[in-house]
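In what follows, a single structure is set out as structure tokens and then discussed.
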Amino acid sequence: MIDKPRRWALALLGVIALGVAGSIDPGFVGDPDRAVLYEALAPNVRAGLWTACGLVSIAGAIRHRWQWIGYAAAVLMPVERAASHLWAWLAWIIPGVPSQGSPDGLAHAVTWAAYAALIGVLAGARGGAGD
């Protein structure tokens with residue numbers, strides 16, 4: 026049973042991950058010249074990773090002993106997205122990089138990094154006995 030705010034937060038992070046997995050277009054074909062690294066993964070692989078992380082997060086919310094695993098899973102894919110967009114932005118500003126960068130990569134990287142940081146704050150929050 027989920028009875029603490031921090032565990033509810035973890036469960037909701039899992040639901041968000043499942044929502045991201047469900048929103049991935051299975052017909053998406055990435056541009057091999059584009060520097061957004063996660064786009065190199067097949068859509069079913071990306072959806073599978075988001076789904077696995079979401080389910081592990083929900084399991085961590087249900088089982089108190091697994092909370093740390095749930096939070097680790099919750100932060101994994103947002104960090105992957107942040108790093109991928111940061112690389113795309115660097116490929117855009119560094120001359121001679123053999124791939125097409127992204128001028129809005131920094132904004133996307135900061136957004137995903139802030140989301141990952143929020144997960145880190147939630148993971149470190151202590152709300153009382155047994156939480």
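Mind the numbering: the sequence shown is residues 26 to 156 in the numbering used here, read in order.
Where is the CB? At the ideal position from N, CA and C, for every residue including glycine.
Predicted model only: the values in this text are computed from it and were never measured.
Candidates the options: which alpha carbon is nearest residue i's?
i, options, result
"N69", "L37, G121 and S48", "S48"
"A97", "Y63, A65 and G145", "G145"
"A67", "G52, A77 and D58", "G52"
"D129", "Y140, P123 and W117", "W117"
"V40", "H89, C78, G73 and W93", "C78"
"T76", "M102, A138, S124 and I119", "M102"
"D50", "G73, L35 and A108", "G73"
What does the alpha-carbon distance come out to for the pair residue i and residue j?
i, j, result
"A42", "G121", "35 Å"
"V81", "H133", "25 Å"
"A60", "G126", "5 Å"
"W91", "A84", "7 Å"
"L111", "G55", "17 Å"
"W137", "E105", "9 Å"
"R71", "L62", "11 Å"
"W93", "A148", "7 Å"
"V135", "V100", "14 Å"
Note the first and the last residue of the continuous alpha helix (DSSP H) segment covering residue i.
i, result
"E157", "The shown model of the chain, from 26 to 156, leaves out residue 157, and the question about it has no answer."
"Y63", "From DSSP, Y63 is part of no alpha helix (DSSP H); its letter is neither H nor E."
"R32", "P30 to S48"
Return the chain-ordered list of same chain residues with a C-beta closer than 7 Å to the C-beta of residue i, the five sequence neighbours on each side being excluded.
i, result
"A150", "R31"
Skipping 5 residues on each side, what residues in its chain have a beta carbon closer than 8 Å to that of residue i?
i, result
"D58", "S124 and Q125"
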